[in-house]
Every structure is written in C-alpha cells, then in structure tokens.
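Trainee: Note that the protein sequences, when read in sequence, are chains A and B.
Under the working numbering, the first residue of the first sequence is numbered 1, with each subsequent residue one higher.
Under the working numbering, the first residue of the second sequence is numbered 1001, with each subsequent residue one higher.
Protein chains: 2
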Amino acid sequence: MAKVADKYLSVDPWKIIEDGFHPDRSEVSESLFSLANEYQGARGFFDEGYSGQSLVGVYLNGIYEERFGEEMSYKGISNRLAFMVNTVNWPCTRVKVDGEALDLAKSNFSGFRRALDFRTGELRREFIWETSSGKKLQLVFLRLLSMETKELACQQIRITPLNFSGKVSLTAGLDFSVPHRMFNQNFWECVRKGDGAILGVSHNIGHCLFAGMQVSAEAPQVPVEAEKFIGVRLDVDVVEGQESVVGKSVTLHAERNPAQAWEKGMLQLQTSTKRYEKVLNCNRAYWENFWANSDITIDGDAETQQGIRFCIFQMQQTYRGAINGANIGAKGLTGEAYNGNAFWDTETYCLPFYLFSNPNAARALIDYRYKTLPQALARAKDLDCEGACYPIATIDGTESCTLWQHASLQFQPTTAVAYAIWHYFNVTRDKIFLQSEGIELLIKICRFLASRGQWSAKGKFGYYAVMGPDEFQMMVNNNAYTNYMAKRTFEFALQVLDGMDISHLGCSRDELNQWRCMASAMFIPYDSETKLYEQHEGFFNLPHIDVDSIPVEDFPLYHHWSYDRIYRNDMIKQPDVLMFMFLYNQSFSLEEKSANYDYYEPRCIHESSLSPSVHSILASELGRHQEAFDFFHFATRIDLDNYNRNTHEGIHTTSIAAAWMNIVYGFGGMRSDGELLSFQPSIPVHWSGYSFQVTYRRSVIRVEVLQGRAIFRIINGEAVPVKIYGQIMEVNREGVSTAI
Amino acid sequence: MAKVADKYLSVDPWKIIEDGFHPDRSEVSESLFSLANEYQGARGFFDEGYSGQSLVGVYLNGIYEERFGEEMSYKGISNRLAFMVNTVNWPCTRVKVDGEALDLAKSNFSGFRRALDFRTGELRREFIWETSSGKKLQLVFLRLLSMETKELACQQIRITPLNFSGKVSLTAGLDFSVPHRMFNQNFWECVRKGDGAILGVSHNIGHCLFAGMQVSAEAPQVPVEAEKFIGVRLDVDVVEGQESVVGKSVTLHAERNPAQAWEKGMLQLQTSTKRYEKVLNCNRAYWENFWANSDITIDGDAETQQGIRFCIFQMQQTYRGAINGANIGAKGLTGEAYNGNAFWDTETYCLPFYLFSNPNAARALIDYRYKTLPQALARAKDLDCEGACYPIATIDGTESCTLWQHASLQFQPTTAVAYAIWHYFNVTRDKIFLQSEGIELLIKICRFLASRGQWSAKGKFGYYAVMGPDEFQMMVNNNAYTNYMAKRTFEFALQVLDGMDISHLGCSRDELNQWRCMASAMFIPYDSETKLYEQHEGFFNLPHIDVDSIPVEDFPLYHHWSYDRIYRNDMIKQPDVLMFMFLYNQSFSLEEKSANYDYYEPRCIHESSLSPSVHSILASELGRHQEAFDFFHFATRIDLDNYNRNTHEGIHTTSIAAAWMNIVYGFGGMRSDGELLSFQPSIPVHWSGYSFQVTYRRSVIRVEVLQGRAIFRIINGEAVPVKIYGQIMEVNREGVSTAI
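Pasting the structure below:
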C-alpha cells in the first residue's frame, strides 16, 4: 500500500485545472481531461495535433473490433479478444501561421491552462503561441459532448492575434486514420465521403460509423480529402486584438447497415443544433440537475472534495443508462487498457452508485446482461454446463478473456448478475422486473450453478477448480466466496419462485428441489471456534508469507514474480471472504466480521485498485476509523494524483465508483442489504463535515454529517423510513438529527 | 482401455512385412518402416515420390528449429518452441519410362511387398510397375543407415524390365525443399552446392547440414540443380530380364560452422565406403551382436514376439549412446509429433532398457542432462528458484513446453534426473561418475527442490501449486509423487555427500542440514489405517466419477471435454502414487501396494500410453496375472496395430520402452531398486515360454521362463549374485533353475 501521489493539478471544488503544460504527463492529462456522454468519449488530446506523447483516442460505447489468438487445442478456451476500437479523431484541426504549424511539442508558448468543469462538461484549453517570427496569438480550444443529443460533439477555437493582423490557416477535419495503439493498426475503411461527412466501416465486425461536421467560420471553406480523412481548409483573416471564432459541430452515428448509418447520420447532422453556446447551456442545466441529487460535499478537505466530484462526474459521463445496451468498461471511454471490456465490477462496484442516483440506469445495467443472455447460454455450453455463464470480460456479451484460468474458472460475473438483481430489487422493490426478466435470469444462472457444482465424497455441494475474487489463488476447491454467492443465488431464486406459477418458466419442481438441496448442502468452509471462513479448502494450511516483507520494488507482483510463485502462499490480492461479508453485510455478526478482517486484511496486498475501499468500509463498521481513513486516503484521487502510475492508459472507472461507495457505505455507514436502508455515519477527524444524497424509493435523502451529529432530510419526494444506528426513523423534509 | 487393433502387417519373428500396398495406411507404414541409427532417421516414405498421403521426413538427432509464441506478460512462462526440423530428402529419386513418372498413387502396379529386417536394419520394397503402354518393370528399392558410420546412408534401386528393353530415366538427388509439416514452411536455405553436395543452413538456429552423394550406375550422370536441390539425371539402358542397379551413398554431416560442415562432410563423403553390400554386412554383424545380448523371445505368441522385437529394434535405432548429446524424442526420429522433444520418459521409461543392455548408453543419457545443466540453472532462475530445474519438453536443454501449467508446475523431469542417477548407480556402482558429475547434478537439483518447496503453517515441508505425473490434477498442493521423489532425492544426495569432502562442491553443512530437515519434515499424505497415500492434499475429498460411465466417444477427453472439466474429480490420467511405488518398489509393503492399486487403478483412464505398463508390472507383483496380461496385451504392438490411431505421426518410442519393462519387470518380476538385482518371474498362461537377457555388472544374465520353471544363466562374463524369489543365488554359466 505504499502509494505516492504525483500531484500537478490545481485544487478546485468544481474543476480540474492544469496550470502550465506538463509534457511528461501528457497522456495522464489526456485521460483525466476526457469527455464522454456514455455514447461517445474523447480523451483530452490536443485538437491541433501534438508530436509528443499522445494517445488520440475517440471511442464509442459498444463499438469494438475483434482479434483471434493462436488456436487453442482445448475445448472451452476462448481465444477471441473483443476490444473497444479507436474511431474517428473529430476534434482534428491543424493550425498554421506563415506555413508554421502549431505543435506544443515544438512551438513556443506560454500561459498554458487547461480546465474541465464538472458543472458543464466543457473542456477549455488556452495558451499564447509565439511563432518563430515573433507573432503572438491567444488561442482557446473549447470542447463539449452534448448530454442531450448523444451523437453531438462541439468544438470552438478562438483566435486572438496579439501583435499582428494577417492570416491564420486552419484545416478542420474528421480523421479515421488513427491507429489503434495496442495493435498498431487502423481498423477502419472509409467507404463513403461527401457533404462534410465520412463513413467508416470497421474491418472485422463491420460497425458503420458516420461522422459528419459543420464548420462555422468567417472564411471560405475549401474541401480537402485523403483516404480516411475529410476536412475543410480555412484561411481566416485575423485582426490584432480581435477574437475570431471557428466552430465545428460533429455528429457521430453508428449502425450496422452502411446505408442507414449514412442516412440517419446525415439527418442528425442537418437537424441538430449547431450553436456551441446553446449546447453548453443545455449541458449546464443537465449537470445542475444531476448535482442537485447526487453531489457529495466535503468540508475541510479540498483535495478530497475535488477528488470525489471528479469521480462522480466521470461515472456519470461514462454511463447513465441513456443508451440501449451500454455497459461500463474498466477505463470507461478514456483509454484502451483492458480493451474497453466490462467486468463484474459493473454489478459489484458501479451498480450501487446508479441504484442510489438513477435506478433506471441501474436497471439498464441489468438489462445489458439480459440482452446478452444468449451469449451467456452459449458460453455455459462451451464449458460443458447448462444455463448461463457470464463472461469475465466482455463488450458484446461473449467471453473476451483469453486467459483460460480466469475465463473458465471465475464465476464472479455470473453470481454478480444474480446479486445485482437481488440488490436492485431489495432497494427498488421492482417486482415487475423481478418476476419477468429477473427470474428468467435467475433460473438460467441457477441452472449453470447447479451443473457446474459437484457433490463431494462427503455429501457436500461445492465448486471445484475455481478462482475466487482473490486471483492469487488460481485453481482451488470450495472457494468460500463462490460457494456462498451460489448458495445465496439459489436461495433468492427459490424465494422468488415460491408462490409463482412456474409452469411457463420451463423449470420443474424437481429442479427447484435439487437447487434447494444444493443450497442447503453447500460447503462453506467455516471454523465456528475462530469464526473464520476459510477462503478455500486448504487455505489455512498454505505456507505463510509476511506481505510486509516483500520489497516494494517487487510490485506489481505479476511483473516481477514468476507466474506460479504468486499462487503458493496465503497472500491475497483483493478481498474474497471480506467481499461477501461486504455484499451481504448484515448476514454476518460484528464478531465474525472482526475476526475475518483481522485474519485476511494483513494477508492482502491490494494489488487490485478495488480492494482498499472494501477494507475501508468494513474498517469503518468495526470502528477502526484511522484504518478506514488510511484505506480511503487516495480513493478519490487515484487518478488525479496518478497513484498507480498508469492513468495514462485511462482512468480507473470502476475504482472511482468504489470511491463513492467508500464515502456512502464507509463513512456514511449506509447498508442496502436489509429490509430498510440503514445508516451508521462516522466522520474522519479532520473533516468538519460532509454530505451526500441518495435516491431511495423515489425520494432523495440528503445526509449531512458533522463532527458529533448527522442530519437526514428528504430534499425531493415523500418521507421514507430508514434505520439510523439500528433504529427505524421516518425521514422527512424537516429532517431528523442524531448524535454520532 | 477399449483399444482396437488395426492389423495389416504379416507376422514374422524378425521382420515387419506389408504384403500388398495399403494406401489408407500409407503414413502409418512410413512411421513403422522408419530407419534410424541415432544420428539420423528416415521415415519409410517412397524414394520415387508419392502424390498420396505421405510425410517425407528425414531427421537428425538434435537438429532443430525454433518458433516463438505470442509474447506472454508473465514472468517464467516459456513461449519458445524448439522442434526437430525436417531436413533433406536424401532417398529422393524420380523414375520415368517414356516420360511417364512412377507414382504409386497413380501408376499400375502389382506384387507390392515392403519388409524391414530387424537383423540388418534394411528396408526393402519391391513391386512390378506396368506403364500405360504396357511395359513391365520389376523394381526393388533398398535402403540402409549404417550403424558403424553414423553419417552414412545407402540406397539401391534394382530395375529389371520384364517385357522390354529400352531406357529408364532416373533423377537421383538431395532435396532440401521439403516443408516442415506442422508449420507448412521450409526452414532451410542452401548456401553452397557442388561436387555432388549441397549445404543447407537452417533459418533461425543456423544449423549447417552437409549432404553429399555418390551415385553409381552404368549410365552417364548429367547434373541437375534447383534452389534447394542437387541431383543427377541418368538414362539407364535396360535389357529385358536383366537387372540394372543404381546405387546412391549419402553422407549427412551437421555442424554449426558452414565452412567446417562442408569440409568435414566432403572428407566423409570421399572416404566412407560406398559399397552397399559392405554396409549391409557391417549392419548385420552389428545387429547380430546386439540381439545376442538383448533379445527377448516369446514362445507361443507370434504376434507378441514380433511386437517386442520391433520395440527393441526401434529403441536401439533411436538411441544407443553412440553420439554426443543425444536424447530420445517422444517419437524418436520417426515423426514430428511432440516436435521431437524429449520428456521425463527418458529417465523413467527408457533408461532401464539401456541400463540392462548398454550401461554406457544409459550413462550418456544422464550426461545429456549434465551437458544441459546451464539451461536448467537458467530455467530455475526464470522460476525465481535456485539450482537446476529440468524442462518438461526439450531438444537443446531449454524449456520447449509453452503451456505454463505444465512447464512451471511439473517437476517430474527434475526429480527424474536424480532418480536416474540413483538408479544408474544402484545398478552399476559407478562411483566415479556419482562423485563427480552425479553429485554436482544432485546438489543443483536439491538446491532447486529446497528453494521451490515451502513450509506449511503446520511445520511440514512440501510443494505447492504443482502438477504431478497425473496431469488431470492441474495445480495442487503436496502432490504425493512430487513430495516423495523430492524426499528421496534429498536423502540420496545427503547419503552420497556423507563422508565426501564437500569443500570443493560449493555447498555448506548448513545447506545440507536444511535439506535434511526438509527431507525429514516432508509431507507425504498417508492414511496409516487404509494404507493409502493421498495423491495430493484434498484428493480424497474430490467429487467421484465412475470412469466406466464415461462414454467411449468422449475419449480422448482433451478433445471432447471442456478443459477445466477434466480437472475437477478423482479421475486420474496415469499413475501418480502407483508411479513412485513402481520406481521405489521395494520401499513399500505388498499390503500398501495392494491397497493403493485397488484404490487408484479404478480411477485411472490410462490416457497416457505409458500408463498400462506400470499397472501391468504392479498387477504381476500382486499376483493378479490376468489383469497384468490385460494391461500388457497391446503393449508390444501399440504401433504395429496402431491402437491409438496416431502412429502416422510417428511411433510411440517411449511406450515401446515401457513394453520392454512390462516383460522384464512385469512378467520377469525383475527389481533393480534393491542392493541386488532380483527376480520373481511369472508367465502368462498361454505362453509356452519366454526369455530375456540383462546386462548386470558386466555380465549378461539370460532368464528363461517356462510354464512351471525359470532358468537363470550367465551367457557372458562372470557369475553374479541375484535374488530369486527373495533368495540370494549365485548365477553362473551352468545356470540355476527354480520352480515358479
């Protein structure tokens, strides 16, 4: 846990700001200053091009390509990688004065400042460029993605010559020729161009992406074209001291059919608003409304305040349930690491944020799994099983993890879908969903769990040859997490089915009875004396390693230790037993949580960025406030301060979701696994106060925590009962106040 | 075990014979009729070319190429495949009459007969070709590899026109252009040609292979040449009823330096004998001497008699310790499956044959491991360990298995080297070797075992995250085989070191004390009540599968079952506990062997061709003679009758070594792990008798077993004491006879 901040951004409650350009962190900044609106995303790369380190990345949610690895001779091993593919560089603008190109890697400039405003989603970058002949220009680059019209992107370039009048030449275009970095290959063919638009078709999958632009400028527009590029050239007459504005509004529209993509895209392009200011105002209204219901304030810790708003802002940019069939990639739309694939993080780490700010968006995440049920059924078949097995990593619902030891042995995604249904229902009471799509999913998942599980010689049911959440134990039997989650899944499905007419659901009483047997005979390794759950059969016999004795330079272990060496001791990568104690928190006594925390925490090296928050939440519950804060300390700023030194690859989208949980479930002590929502707030000693809002049963509850007291108030909707420190209380608009 | 014979060869005690051509088995025959002399090998493909199914394979021991897989991001995972590369087609001869090419896939022919004689190593093929115009020719193709001059290969083609006189046109050449089948790529560049010779250089490794020929014929020789080919064209005047003979003698010489390869090759070519008859006579003498000391006779079972001689003949062709640094590939020099790599089969299955027929050859196999010690030291380092770790699969001493779950988790090759040293010494008492190379190897191996092993929380030493010989249990802790072999390795090394001056060996008393602790604290999972060794920690708790319930069409399981499914039950692939009970046979009581046989045998599916022989040997010992014979029944004819339907890929070289053991250790009841060699013969009921010879302490003992009695006699050398049915007896030239 020896993580060191790399601070270079200015602190501000509502913005991230880079004062002065940091070329050594150029790609980190590109990730941090990313824009997205769920449908599309663009890294904060320079519009005018940059010959230094840069990943020019524009991505669309669900637009991917595929690649096949070496053919494997074993059944059930997936060798197809689907990856979110880099698309069209729409901010692309080349700027020249006297034939000299603007390039911050080579040009003279001063007064660089870049800011991203969480209240508008506007990215603003400005600096003064001095050409080699001494001409000075103030340049401002503005960029926006519309939160209202998902296909719409806007750009504005403001040019003010400071010591001359003359010509500035710009080429504004749409460039499909950017290579996908990981494979150093471009995956687009451009099959149609005209009327300011270009149509790219991706090589293997055949995604059709329409990109069209309208450029506004006080200058004639001369079309230019290349194989994968269209644009216009402008020679703008600029006057000393006066601002000239060049605007570009862009429509990106993806379809599988090229003719339709062109037609619909063109219609969009022609009908959507082109006025930058209008889009900006719409965005401002959108975000104002959003923050009113979803803000977290922190008094007395400006960095964390900035950090948590950045997290919430990026979560909302990445996903908000606005488009059909979207999921949340590990890096959102901010980079190519993890290939844009979504993991079980979606259900376990991201879902709660949406569940308590936008339940429809939460529901849409579950719908994604429902839509990809056919792929999950096929995957189970690949594994010689029945029912539905959800992929470890996916974009399109198929398994995209080519490491069999993960793809064939980890069932966290599958039980997480069941957990998400349970969690969603427990909070929303959406019985209609539960008894339609919900139960269909649950049945298919139970069917998988029933066919993948096995009976031991001793008559216990469990899972053999699995990898639990702790990926440092590669292939084990009766992993407590897997078994426990399966048990709860069976029990929940049976509970839902109880009283339902099962005749149309295609399952028999016999099948349900089998599940009942399996659930009740499920082997959960547990020592009633020590109250310890054994992470898997045999874990307690493993050689012990003192994780503090591992030299700092050995981390990350996957890069420095022989692969198998990682797997043969009692060191764990991330919570496993503690994970199910977090998910089904109120099913365990404080004594049990305490004993298991004491045993497993010292063995955990937190090599997953998702690990500290779960420990922090449990530490809070156990009253270990300093420990809780220690685990929390970099949660909100994991990317802003680049703690893991890999933010250049994209931001840790699912970790920032965990940061939200860390405050709400950790310090706020919220629990959503009981009959009622409950709270047990605490407050870090050096904060003067903090607040958060949660949407619960159509009301918005604001929780304000100060040193010594907490106030619960409805700010939207009807009064609702919640549990506060174990007591049921009705929270209304007047608010209830309680000592802490 | 439902294996069905595919019989098509004629039965003969000293030959394999194909009467009438079997085009549907053309590649099977190519494997069976392979010639080799350890240095080089040639499949029995047709000299004149064949447009049907054919693998034109000529291989040299130790001549390989390499290929790298996708880059792995994990440390210690080998992604380099070394493979025995197909070299020069030296028998290459094209035959034409009136412009019509001979090709048995297209030509009319009759009287086809092919025979390989174990007493000479001569391959003879004859048939009558009738051209489209009705010309008939009797053709005989003869082929030989010299057992005396390893570089020398001879060919003779005898042509007798039966109904005409005229011209037969032949092109006799050396062809480097044959592609390597697995990668469908040719790996040779020919850098020099001239004087009937051609020099090939392999692409990546840079092996230089000189091939030179001398053609004898009563016709002018017109040189022909292509990029990777040299040859001569002969227009032979043939006379009706008279035999014309075309001879070709070939020298193959491999070196790393091209100039030296040319020079030495040319010298060889010019000085070696060219007379086919002379080479044939030399070979006859060689094999006569060999059979005198190493024959096995079986009376009353002609098929098994042929089978066992085929096994012995192929073993001797493949390896006999004649050249430096040779090892035994899984298919010998008869095919490209397993890429020509050698496995731990060498030490456990092949070594005993040499130990009891040619101890110097046995010693040379251990020398191979000594020569590749640097690679084994490097491999241990890759795995974050000390000492020497021997590769799962290798040609050049480096790890050539690219499946990390085998290469990083299986230590059978490493403990097998120690076992081989122990076994070699136990039989030969070669103290000089033991106290020089032997102890150096043992120290390096112990160092690896000490660093790879770990102490459990309970203070026991053992191996975590390993795969034992039973590859159906992929990643387990405290595999009994691994732990037991390690324990014995430590104990033997300490025993050798005891009393030696260790000062020059680079190890300290402390280190030896550590090994002593590890050996004595080694965890060998054992239940003293049932006398069962547990194959690994937790094996007894695994879900049970009745292996007889698996449908026959599911085999081989690797092709039909999802990869992970194989690993999660108590089914085993090949002996694991029973394997160490075979290797250190006399360290276990009959009761223990019986209990473990009863437990593990019904769980074993024998998916390895090496499995039945070990079971057969133990069944014999336990007096289960019918079972022993059932396991044996196809051992000697696994390839002749193509039981596994994959003989076209090459013969099962290491399995045929096991067939030898099956007779000598099984029915002969020989044991070589005691102070003295011991015997406890039995005889299958339907054999009237059998005999075998073993070289032991410089004497050759002939063991003849009849129904009811066994006779032990020295046929070469001094009298030696052995144990017969537990009694020490002096065997001399007169022989001792005992009832059985």
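Note that beta-carbon positions come from the ideal geometry of N, C-alpha and C, so glycine has one too.
Buried or exposed: Ala1739(B), going by 16 or more other Cβ atoms within 10 Å of its Cβ?
Mentor: So Ala1739(B) counts as exposed.
Trainee: I need the DSSP call for Tyr64(A), collapsed to helix, strand or coil.
Mentor: Looking at Tyr64(A) - three-state DSSP - the assignment turns out to be strand.
Trainee: Report the residue from Gly666(A), Leu583(A) and Leu494(A) whose alpha carbon sits nearest the alpha carbon of Ser613(A).
Mentor: If we check each option's Cα against that of Ser613(A), Gly666(A) comes out closest.
Trainee: Does any C-beta atom of chain B lie closer than 8 angstroms to the C-beta of Arg181(A)?
Mentor: Chain B contact via Cβ: absent.
Trainee: 8 angstroms is my cut-off, CB to CB: does Pro1220(B) come that close to chain A?
Mentor: False, the Cβ-Cβ gap to chain A never drops below 8 angstroms.
Trainee: My understanding is that Trp44(A) touches Ala105(A), with C-beta atoms under 8 angstroms, so please give their C-beta distance in whole angstroms.
Mentor: The sequence shown places Gly at residue 44(A), not Trp. Going by Cβ atoms, the distance from Gly44(A) to Ala105(A) rounds to 16 angstroms, so no, they are not a contact pair.
Trainee: How is Val1011(B) classed by DSSP in three states: helix, strand or coil?
Mentor: Here Val1011(B) sits in coil by DSSP.
Trainee: Which residues bound the beta strand (DSSP E) around Lys1371(B)?
Mentor: Premise fails: Lys1371(B) lies in the alpha helix (DSSP H), Pro1359 to Lys1371, not in any beta strand (DSSP E).
Trainee: Which stretch, first to last residue, makes up the alpha helix (DSSP H) that contains Ile439(A)?
Mentor: Segment Ile439 to Arg452, the alpha helix (DSSP H) holding Ile439(A).
Trainee: On the DSSP letters alone, give me the boundaries of the beta strand (DSSP E) that Gly1212(B) sits inside.
Mentor: It spans Cys1208 to Ser1216 - the beta strand (DSSP E) in which Gly1212(B) sits, taken as one unbroken run.
Trainee: Is DSSP giving Trp1515(B) helix, strand or coil here?
Mentor: Trp1515(B) falls in the helix class under three-state DSSP.
Trainee: Note down, in chain order, all residues in the segment 542-554 of chain A with a beta-carbon under 8 angstroms from any beta-carbon belonging to chain B.
Mentor: If the cut-off is 8 angstroms between Cβ atoms, the segment 542-554 of chain A has Leu542, Pro543 and His544 near chain B.
Trainee: Closer than 8 angstroms, CB to CB, is Gln1412(B) near chain A or not?
Mentor: No, its Cβ sits nowhere closer than 8 angstroms to a Cβ of chain A.
Trainee: What would DSSP say about Leu1640(B), mapped onto helix, strand or coil?
Mentor: The answer is coil: DSSP assigns Leu1640(B) none of H, G, I, E or B.
Trainee: Pull out every residue of the segment 453-485 of chain A whose Cβ sits closer than 7 angstroms to any Cβ of chain B, in chain order.
Mentor: Listed by position, the residues of the segment 453-485 of chain A near chain B (Cβ gap below 7 angstroms) are Gln454, Trp455, Ser456, Ala457, Lys458, Tyr464, Ala465, Met474, Met475 and Asn477.
Trainee: Cα separation between Trp1090(B) and Val1417(B)?
Mentor: Roughly 36 angstroms between the two C-alpha positions.
Trainee: Kindly indicate which three-state DSSP category Asp19(A) falls into: helix, strand or coil?
Mentor: Reduced to three states, the DSSP call for Asp19(A) is strand.
Trainee: Nearest to Thr414(A) by alpha carbon, out of Phe433(A), Ala457(A), Asp430(A) and Tyr370(A)?
Mentor: Of Phe433(A), Ala457(A), Asp430(A) and Tyr370(A), the residue nearest in Cα terms is Tyr370(A).
Trainee: Can Leu116(A) and Phe33(A) be called in contact, C-beta distance under 8 angstroms?
Mentor: Cβ distance < 8 angstroms, so Leu116(A) and Phe33(A) count as in contact.
Trainee: Ser177(A) by DSSP, collapsed to three states: which one?
Mentor: Looking at Ser177(A) - three-state DSSP - the assignment turns out to be coil, as it is neither helix nor strand.
Trainee: For the segment 378-390 of chain A, which residues have a beta carbon sitting closer than 7 angstroms to at least one beta carbon of chain B?
Mentor: Answer set for the segment 378-390 of chain A: Asp382, Leu383 and Asp384.
Trainee: Any beta carbon from chain B within less than 8 angstroms of Leu532(A)'s own beta carbon?
Mentor: Not closer than 8 angstroms to any Cβ of chain B, the Cβ of Leu532(A) fails to qualify, so no.
Trainee: What residues from chain B crowd round Trp561(A), counting only those whose CB sits closer than 7 angstroms?
Mentor: The contacting residues are Lys1075 and Asp1384.
Trainee: So does the segment 337-345 of chain A actually touch the segment 297-315 of chain A, counting three or more Cβ pairs closer than 8 angstroms?
Mentor: With the cut-off at 8 angstroms, the segment 337-345 of chain A and the segment 297-315 of chain A do not touch.
Trainee: I'd like the list of long-range same chain contacts for Arg25(A), defined as Cβ closer than 7 angstroms, with 5 residues on each side in sequence excluded.
Mentor: Once the five neighbours on either side are set aside, the close Cβ partners of Arg25(A) are Tyr8.
Trainee: If you compare alpha carbons, which of Asp384(A), Asn513(A) and Lys487(A) is closest to Asp498(A)?
Mentor: Nearest C-alpha to Asp498(A): Asn513(A).
Trainee: Skipping 5 residues on each side, what residues in its chain have a beta carbon closer than 7 angstroms to that of Met1(A)?
Mentor: Unreliable placement is indicated for Met1(A), whose pLDDT of 46 sits below 50; no coordinate value is reported for it.
Trainee: Figure out for me which residue from Val239(A), Leu81(A), Lys96(A) and Glu255(A) has the closest Cα to the Cα of Asn163(A).
Mentor: When only C-alpha atoms are compared, the closest one is Val239(A).
Trainee: By DSSP, does Ala739(A) sit in helix, in strand, or in coil?
Mentor: Strand at Ala739(A).
Trainee: I'd like to know whether the C-beta of Met1(A) is nearer than 8 angstroms to at least one C-beta of chain B.
Mentor: Confidence at Met1(A) is low in this model, with a pLDDT of 46, below 50, so the placement of that residue should be treated as unreliable; the coordinate-derived value is given next. By this cut-off, Met1(A) is not an interface position.
Trainee: Using the beta-carbon of each residue, which ones in chain B are nearer than 8 angstroms to Phe540(A)?
Mentor: The contacting residues are Ala1457.
Trainee: Along chain B, which residues have their Cβ under 8 angstroms away from the Cβ of Leu781(A)?
Mentor: Shown here, chain A extends from 1 to 740; a query on residue 781(A) therefore has no answer.
Trainee: Does the separation of the CB atoms of Arg1114(B) and Val1140(B) fall below 8 angstroms?
Mentor: No, the Cβ-Cβ distance between Arg1114(B) and Val1140(B) is not below 8 angstroms.
Trainee: Could you tell me whether any Cβ in chain B is nearer than 8 angstroms to the Cβ of Gly69(A)?
Mentor: Answer yes: the Cβ-Cβ gap between Gly69(A) and chain B drops below 8 angstroms somewhere.
Trainee: Compare the beta carbon distance of Gly1325(B) and Gly1062(B) with 8 angstroms and say whether it is the shorter of the two.
Mentor: Result yes, Cβ atoms of Gly1325(B) and Gly1062(B) sit closer than 8 angstroms.
Trainee: What is the residue span of the alpha helix (DSSP H) that Cys1311(B) lies within?
Mentor: Here the alpha helix (DSSP H) through Cys1311(B) covers Ala1302 to Thr1318.
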